[in-house]
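Data block below; observations after.
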Amino acid sequence: MPDRPEPNGWELMTAIERIERSIREQSAGFVPVGVFQLFQQQVQEDRAEDRAAAAKVETEMKAEIGTLRQQIADGEKDKARNRFALALSIIAVVATILTPVIQRTIGIG
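All residue numbers for the sequence shown refer to UniProt numbering, where the first residue is 1 and numbers rise by one.
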């Protein structure tokens, strides 16, 4: 024999209402499957757009990096030409000064 007597109809109804209320409260944060699928689809579309934008930016950056590397190479070539021209002018000045000195030392002039 049970320790408690059988519940009457009123007690059963209130228990069912409490269970229904508890289920409603717990399921309030849930969304229908269709809504979740729409959300997932939107997230995938956003990610695809982000990937496309990132790929476009990457392509543009690679082109800009190539341009900058070319400019740096051109700058290095110009710098080398300038140094060579400066070295030639220094050699010309030194040769102009030293030629008479060497000629006098040797006794040619």
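The beta carbon of each residue, even a glycine, is placed where N, CA and C say it ideally should be.
If I follow the unbroken alpha helix (DSSP H) through residue i, where does it start and stop?
| i | result |
| --- | --- |
| G75 | 33 to 106 |
| G9 | 9 to 26 |
Given this structure, state the Cα-to-Cα distance separating residue i from residue j, to the nearest angstrom.
| i | j | result |
| --- | --- | --- |
| M1 | A15 | A caution first: M1 carries a pLDDT of 48, below 50, which makes its placement in the model too unreliable to give a value. |
| A52 | D78 | 39 Å |
| E71 | T59 | The residue asked about is misnamed: residue 71 is Gln in this sequence, not Glu. Each residue's Cα considered, the two are about 19 Å apart. |
| E17 | E45 | 43 Å |
| I23 | D3 | 29 Å |
| R83 | A92 | 14 Å |
| F39 | V33 | 10 Å |
| G66 | R81 | 23 Å |
| T99 | I108 | 11 Å |
| R47 | F36 | 16 Å |
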